[in-house]
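K.L.:
FYI, our numbering numbers position 292 of the sequence shown as 292, with every residue one higher than the one before it.
Would you mind keeping the following structure in view while I ask a few things?
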Amino acid sequence: MWAAACAAALLLAAGAYFFRRAVSAPAEPPVRISSGTFSGSLDSLLKDEGLGDAERYRVSSALAKGLNLRRLRPEDPYELTFSTWGALLRLTITKDLQEYTLLPSSGAYSLSVSSVELTASSRIVTGEIKSSLWESMSSSGVPAAVILDYADIFSWSVDFLTEVRDGDKWALAWDYRTDPSGKVVYQKITAAYYHGSESGDKNAAAWGDGYYDEKGDSLRSMFLRAPLHYRRISSFFTARRFHPVLKIFRPHYGIDYAAPTGTPVSAIADGRVTCAGWKGQNGRLIILKHGGGYESTYGHLSRYAKGIRPGARVSQGDVIGYVGASGLASGPHLDFRLKLRGTPLNFLKIKYRASGGIAGKAKAAVAAAIAGLEKP
């Protein structure tokens with residue numbers, strides 16, 4: 001009898017203990033979370049989640065104080081938190097590396113905006129060409145956008161379509177940042193190297209908005225390699241050429257690039273338009289004046305690009321016109337000419353000319369970045 005009474009007392013004590021634990025333990029608030037990316041408007045999303053007209057209006061009005069709701073895109077993520085009885089407890093939208101958070105406050109909603117925290121990383125990769133630059137880099141895990149940036153850096157000194165050979169070596173280092181989902185939102189090459197059997201050693205490192213070699217010279221040349229994408233050169237620079245229309249010999253101080261009518265023609269360098277009009281046998285002609293006494297001309301055009309008129313400023317690579325056969329021409333082509341203080345130059349024999357340079361600490365920083373790059 002005494003043993004049974006003791007056992008009962010122990011059971012009651014244990015029950016009381018666990019009852020107190022159950023009562024005192026803080027319970028997690030019951031919630032429902034809905035997340036994803038936008039497939040329609042914010043209003044349609046809230047309606048699908050069960051919010052009434054008045055509530056949707058309050059939410060949209062509060063968000064519109066800091067976010068243009070018309071600019072929401074399918075790639076923009078959201079997260080909605082509801083109580084089990086359907087009340088909206090929190091709304092978060094991430095847009096352009098900004099996080100917009102909406103919380104209920106005194107019968108309305110308050111909006112807060114904060115920057116998305118990014119993770120900074122860097123990589124160095126080296127390799128050797130076996131078929132093409134693209135295949136070599138992509139097989140080494142270099143992202144497509146970085147490959148394109150690398151090709152752009154050396155585009156004034158290396159033709160990656162015709163000069164690449166098996167055995168050529170490359171290396172590059174780049175910084176990148178990722179958002180909390182792991183998506184890369186920023187990347188920039190900090191140092192690059194290319195050794196080609198055709199082009200020799202090429203080095204580059206970033207400084208400011210450009211890339212420079214270890215001597216401090218810009219990798220950006222004063223002139224493009226060509227003013228257009230052409231099929232072939234139909235006439236070269238010469239003091240005596242047989243004219244295909246006039247059937248006589250006379251000088252041809254330019255380069256004729258054969259290309260289909262309508263092929264875009266680009267300015268070979270920054271400059272100012274001094275002529276955009278019909279000039280006799282040249283047909284529709286554009287003349288650009290550049291720094292250092294240089295002048296380039298573009299003849300036999302079919303038409304001019306929008307905004308091209310005397311006095312207009314153009315940047316290197318801007319489309320200024322389109323290939324044609326206006327004037328005295330036997331077929332569609334661009335008659336391109338370059339002069340230095342009035343003297344005709346053979347554009348195909350002009351050596352690389354840096355568009356600028358850096359010195360002092362900037363030059364030293366570039367040289368250090370190149371020296372620190374692991375080269376194969």
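Built from N, CA and C at the ideal position, the CB exists for glycine as well.
Remember, predicted model here, so these are calculated numbers, not experimental data.
Going by DSSP, which residues form a beta bridge with Val-323?
P.N.:
Note: Val-323 is bridge-paired with Leu-301 in the DSSP secondary-structure output.
K.L.:
Alpha carbon to alpha carbon, how far is Leu-72 from Leu-51?
P.N.:
19 Å
K.L.:
Mapping the DSSP letters down to three states, classify Phe-223 as helix, strand or coil.
P.N.:
Reduced to three states, the DSSP call for Phe-223 is coil.
K.L.:
Figure out for me which residue from Thr-84, Glu-79 and Ala-120 has the closest Cα to the Cα of Thr-101.
P.N.:
In terms of Cα proximity to Thr-101, the closest of Thr-84, Glu-79 and Ala-120 is Glu-79.
K.L.:
Note down the Cα distance separating Gly-372 from Thr-119, rounded to an integer number of angstroms.
P.N.:
23 Å
K.L.:
Can you list, in chain order, the residues of its chain whose CB lies under 8 Å from that of Leu-97, leaving out five sequence neighbours each side?
P.N.:
Answer for Leu-97: Ser-115, Val-116, Leu-118, Asp-179 and Val-185, listed in chain order.
K.L.:
Answer with yes or no whether the minimum CB distance from Pro-104 to chain B is below 8 Å.
P.N.:
Looking for chain B here will not work: only one protein chain is present.
K.L.:
Please list, in chain order, all residues of the same chain as Pro-264 whose beta carbon is under 7 Å from its beta carbon, the five residues on each side excluded.
P.N.:
Leu-228, Val-319 and Tyr-322
K.L.:
Please find out if some non-hydrogen atom of the ligand ATP comes closer than 7 Å to the beta-carbon of Ser-355.
P.N.:
Among the ligands in the structure shown, none appear at all, so the ligand ATP cannot be discussed.
K.L.:
Ends of the alpha helix (DSSP H) at Arg-177?
P.N.:
Secondary structure note for Arg-177: it is in no alpha helix (DSSP H), and the uninterrupted beta strand (DSSP E) holding it is 169-178.
K.L.:
Name the one or two DSSP bridge partners that Leu-313 has.
P.N.:
Contrary to the premise, residue 313 reads as Arg rather than Leu in this sequence. Partner(s): Arg-272.
K.L.:
Tell me Tyr-212's beta-bridge partners as DSSP assigns them.
P.N.:
Ala-205 and Ser-218
K.L.:
Could you work out which residue in Ala-192, Ser-155 and Ser-136 is closest to Arg-165 when comparing CA atoms only?
P.N.:
Among Ala-192, Ser-155 and Ser-136, the Cα nearest to that of Arg-165 belongs to Ser-136.
K.L.:
DSSP on Ile-147, reduced to helix/strand/coil?
P.N.:
helix
K.L.:
Using a 10 Å radius around the Cβ and a threshold of 16 neighbouring Cβ atoms, would you call Leu-338 buried or exposed?
P.N.:
buried
K.L.:
Closest to Ile-268 by C-alpha separation, out of Glu-99, Gly-280 and Arg-353, would be which residue?
P.N.:
Arg-353
K.L.:
Leaving out five residues before and five after Ser-112 in sequence, what residues of the same chain have Cβ atoms less than 7 Å from its Cβ?
P.N.:
Thr-101
K.L.:
Distance, Cα to Cα, Thr-274 vs Leu-133?
P.N.:
40 Å
K.L.:
Quickly, what does DSSP pair Arg-232 with across the bridge? List them, please.
P.N.:
Ala-258
K.L.:
Assign Ala-120 to one of three DSSP states: helix, strand, or coil.
P.N.:
strand
K.L.:
Counting pairs of beta carbons, one from the segment 279-289 and one from the segment 323-332, are three or more of them closer than 8 Å?
P.N.:
yes
K.L.:
Over what stretch of residues does the alpha helix (DSSP H) that includes Val-185 continue unbroken?
P.N.:
Here Val-185 belongs to no alpha helix (DSSP H); instead the beta strand (DSSP E) covers 184-196.
K.L.:
Looking at C-alpha atoms only, which residue of Ser-122, Ser-140 and Ser-121 is the closest neighbour of Glu-128?
P.N.:
Ser-140
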